[in-house]
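Only one structure is covered here, and it is reproduced in the block below.
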Amino acid sequence: MGREQGVRVWVTMFKKILIANRGEIAVRVIRACRELGIPSVAVYSDVDRAALHVLKANEAYAIGAAAAGESYLHSGKILEAAKRSGADAIHPGYGFLSENAKFAQACADAGIKFIGPGAASMQMMGSKTRARQEMEKAGIPFVPGTSRGLDSIEQAKDVAGKIGYPVMLKAAAGGGGKGMRLVGSAKELPSALEAARGEARQAFADDEVYLEKAIVNPRHIEMQVLADEHGNTVYLGERECSLQRRHQKVLEEAPSPRVDPDMRRRMGEVAVRVAKAAGYWNAGTIEFLVDQEKNFYFLEMNTRLQVEHPVTELVTGLDLVQLQIRIAAGERLPLQQEDLMIRGHAMECRLYAEDPNDNYFPSPGKITMLLTPAGPGIRLDSGVYEGWTVPIDYDPLLAKLVGYGQDRAQAISRLVRAFEEFFVAGIKTNAGLFQRILADQDFRSGNIDTGYLERLLKSESVEPKKDASDVAAVAAAVFAMLDSAPRARSNGAVCNNPADGADRSATVSGWKRAARVEGLT
Ligand code: MV4
467 MGREQGVRVW VTMFKKILIA NRGEIAVRVI RACRELGIPS VAVYSDVDRA
517 ALHVLKANEA YAIGAAAAGE SYLHSGKILE AAKRSGADAI HPGYGFLSEN
567 AKFAQACADA GIKFIGPGAA SMQMMGSKTR ARQEMEKAGI PFVPGTSRGL
617 DSIEQAKDVA GKIGYPVMLK AAAGGGGKGM RLVGSAKELP SALEAARGEA
667 RQAFADDEVY LEKAIVNPRH IEMQVLADEH GNTVYLGERE CSLQRRHQKV
717 LEEAPSPRVD PDMRRRMGEV AVRVAKAAGY WNAGTIEFLV DQEKNFYFLE
767 MNTRLQVEHP VTELVTGLDL VQLQIRIAAG ERLPLQQEDL MIRGHAMECR
817 LYAEDPNDNY FPSPGKITML LTPAGPGIRL DSGVYEGWTV PIDYDPLLAK
867 LVGYGQDRAQ AISRLVRAFE EFFVAGIKTN AGLFQRILAD QDFRSGNIDT
917 GYLERLLKSE SVEPKKDASD VAAVAAAVFA MLDSAPRARS NGAVCNNPAD
967 GADRSATVSG WKRAARVEGL T
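Every number in my numbering is 466 more than the matching position in the sequence shown, counting from 1.
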């Protein structure tokens, strides 16, 4: 039900929602559907027949082979499943088809509501040069540089000379770091331009490249916005996303330790202007680069729900996925900017199936044992379960462990405690990395920028303070009970004890560890 100039307008909520995604985000959307009383439809590829999202949805449809192009990225198959199931809306999650303007249009053409922004906004933000042109028109502060593709090396040299080195070459069709080149001087420019063009052509079949002034040691801070389809837009505060490795976010938090209320208001107001300039509706995120002097510059807009949305949910008390659905159903925003309050502090750790001893290379496989943390201030958005085999075919994100507290220190200590509770066997994870980050003095004092994580990983690996005797003792008890489980493993499958993550030499089998602990007690 919505309100239009004092006249009540009845909004019909969706009858059924198809989730065009997998893993933890599909589960997250299914939860929102349940709370709204809307039946959910899962889709799954051949390797996801027994995936968690399939088990949790009200119904599920097979859509094809493991390769994403044959299943989760195949708009025809997804639309067909929507028609077969009678779904009248599709939530795309993140990744896959979520920022595909053609898919959003195909949904509209098929009479199915795409839960997200309009195709035109997605298209505008999909081209970084187009986005810069629109921001220029709207008077939004963006990183100095060109707003059109470079025509020649002479032009590139001319612009770079004017704005000053170092500069950044970026692919117009890029984003997220792909096809990006840092250029320190004029003499490096010709070869860098050639390389950037080649990479862009290869990755995006589009060799348009533009140039920006390089911001040295920037912070990456993004602002969540929410807009209804009636022209109302609000900002929901920022997320600090500077902890990244190879352009992959690892840990995010809200609020940012670097942003004070005045800066939040200024960034938020700019973000709302960006959204309005894009004719935007539904949930969106405006990314900013923040320099050492706390100047912020528009970088790009992500036209989807983001992985890290839970930290915003925890500090605002809002359910972003429910709001996305209600907005898509035609409702008006249930809050005004003055109603928004940021309370407490939230921090998200992205748990990946990857091997810390092998340069964080993906490490899929069967989860033979899983103990998950819970308790005060802990939220776990997971897409996996004990006994499930993590397929090699997709992003290896297992779950997001989110800590919430009255302040940053409490959020951190709750996460530290949660990682002590967490135990997984059968696959390797990056859990140990978080124990290092959360114990690090620079991190604890909020002294972080986009170079922080690479510096930490290069620095000497520190011995973990605590041993893992408590979780290992539980493991020992469980293994003793299920005495066939460890023997069934042919090669002594590796048990990744997260408390050992910092110890690069320690890949001990769960069975051996359990036996060792038993021997001690
Ligand atoms: C930049 C930059 C410095 N100056 N642009 C990387 C991902 C993409 N979204 C933009 N990125 C950057 N753009 C200018 N003009 C530094 C980065 C950057 C970065 C940004 C956010 C988070 C982590 C990063 C790591 C390295 C470089």
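All residues carry an ideal CB built from backbone N, CA and C; glycine is no exception. Since we're looking at a predicted model, the values are computed, not measured.
Can you tell which of the options has the C-alpha that lies nearest to the C-alpha of residue i?
| i | options | result |
| --- | --- | --- |
| Phe764 | Glu887, Arg739, Gln621 | Arg739 |
| Ile544 | Ala567, Met634, Arg515, Val507 | Val507 |
| Ala597 | Leu702, Gln758, Glu766, Gln714 | Glu766 |
| His696 | Glu706, Tyr746, Ser925, Arg667 | Tyr746 |
| Gly898 | Asp861, Arg883, Leu484, Ser911 | Arg883 |
| Ile577 | Pro558, Phe562, Ala548 | In the sequence under discussion, the amino acid at residue 577 is Gly, which differs from the Ile named in the question. Selected option, being the one with the closest Cα: Ala548. |
| Glu779 | Met729, Leu702, Gly750, Leu709 | Leu702 |
| Gln802 | Leu784, Ala570, Ser925, Ala604 | Leu784 |
| Val716 | Arg902, Phe580, Gly542, Asp859 | Arg902 |
| Leu539 | Ala526, Ala555, Asn566, Val520 | Asn566 |
| Gly489 | Asp575, Gln668, Ala626, Asp859 | Asp859 |
| Lys644 | Pro610, Asp673, Asp805 | Asp673 |
| Ile504 | Thr834, Leu484, Ala516, Val520 | Leu484 |
Write down the C-beta distance between residue i and residue j rounded to the nearest angstrom, noting that I regard them as a contact closer than 8 Å.
| i | j | result |
| --- | --- | --- |
| Ala662 | Ala637 | 7 Å |
| Gly892 | Ile878 | Not a contact, Cβ separation roughly 28 Å. |
| Val675 | Ala741 | Val675 to Ala741, Cβ: 27 Å. No contact. |
| Glu704 | Glu688 | 6 Å |
| Met634 | Ala666 | That pair is no contact at about 13 Å. |
| Phe900 | Phe889 | At roughly 14 Å, the Cβ-Cβ gap does not stay under 8 Å, so Phe900 and Phe889 are not in contact. |
| Leu518 | Val493 | 6 Å |
| Asp847 | Ala865 | 6 Å |
| Glu814 | Val777 | 5 Å |
| Gly430 | His713 | Within the shown structure, residues of the chain are numbered from 467 to 987, placing residue 430 beyond reach of any answer. |
| Ser593 | Ala572 | With 8 Å as the limit, Ser593 and Ala572 do not qualify as a contact, their Cβ atoms being about 20 Å apart. |
With DSSP run on the structure shown, which of helix, strand or coil describes residue i?
| i | result |
| --- | --- |
| His775 | helix |
| Phe480 | coil |
| Trp747 | coil |
| Asp728 | helix |
| Arg970 | Any reading at Arg970 must be qualified, since the residue scores a pLDDT of 34, below 50, and its modelled position is unreliable; the value itself is stated next. Reduced to three states, the DSSP call for Arg970 is coil. |
| Ile485 | strand |
| Ala528 | strand |
| Ala905 | helix |
| Arg953 | Because Arg953 sits at a pLDDT of 40, beneath the cut-off of 50, its placement in the model cannot be relied upon, and the following sentence gives the value as read from the coordinates. Arg953 falls in the helix class under three-state DSSP. |
| Lys679 | strand |
| Ala812 | strand |
| Glu753 | strand |
| Asn913 | coil |
| Gly898 | helix |
| Pro656 | helix |
| Met588 | helix |
| Ile833 | coil |
| Tyr538 | coil |
| Met733 | helix |
| Gly687 | Checking the sequence, you will find Ile at residue 687 rather than Gly. Here Ile687 sits in strand by DSSP. |
| Arg739 | helix |
| Gly557 | Looking at the sequence itself, residue 557 is His, so the reference to Gly does not match. Looking at His557 - three-state DSSP - the assignment turns out to be strand. |
With a Cβ-Cβ cutoff of 7 Å, do residue i and residue j count as a contact?
| i | j | result |
| --- | --- | --- |
| Ala795 | Met588 | no |
| Asp873 | His811 | yes |
| Asp498 | Val682 | In the sequence under discussion, the amino acid at residue 498 is Ala, which differs from the Asp named in the question. It is not a contact, given that the beta carbons lie outside the stated cut-off. |
| Asp915 | Arg685 | yes |
| Ile808 | Val781 | yes |
| Leu648 | Pro632 | yes |
| Glu852 | Leu836 | yes |
| Lys623 | Ala652 | yes |
| Leu881 | Leu709 | no |
| Asp554 | Lys481 | yes |
In its own chain, which residues sit with a C-beta less than 6 Å from the C-beta of residue i, not counting the 5 before and 5 after it?
| i | result |
| --- | --- |
| Asn748 | Gly582, Pro583, Gln790, Ile793 |
| Ala693 | Thr699, Ala741, Tyr746, Trp747 |
| Glu929 | The predicted position of Glu929 is uncertain, since its pLDDT is 46 and thus under 50; a value taken from the coordinates is nonetheless stated next. So no residue of the chain qualifies. |
| Asp514 | Arg488 |
| Met646 | Lys636 |
For residue i, which residues from the same chain have a beta carbon less than 8 Å from its beta carbon, with the 5 sequence-adjacent residues on both sides left out?
| i | result |
| --- | --- |
| Phe608 | Arg598, Met601, Glu602, Tyr763, Phe764, Leu765 |
| Tyr560 | Asn487, Ile491, Arg770, Leu771, Gln772, Val773 |
| Gln758 | Val682, Asn683 |
| Ile606 | Val736, Arg739, Val740, Ala743, Phe764 |
| Gly650 | Tyr631, Pro632 |
| Asp726 | none |
| Arg724 | Arg685, Ile687, Glu706, Val756, Lys760, Gly912 |
| Ser722 | Arg685, Ile687, Glu704, Arg705, Glu706 |
Who are the Cβ neighbours of residue i in its own chain at under 7 Å, not counting the five residues just before and after it?
| i | result |
| --- | --- |
| Asp821 | Phe827, Ser829, Lys894 |
| Lys832 | Thr855, Gly892 |
| Ala528 | Tyr510 |
| Arg550 | Tyr527 |
At a cut-off of 6 Å, would you count residue i as near the ligand GTP, judging by its Cβ distance to the nearest heavy atom?
| i | result |
| --- | --- |
| Gly869 | Among the ligands modelled here, namely the ligand MV4, the ligand GTP does not occur. |
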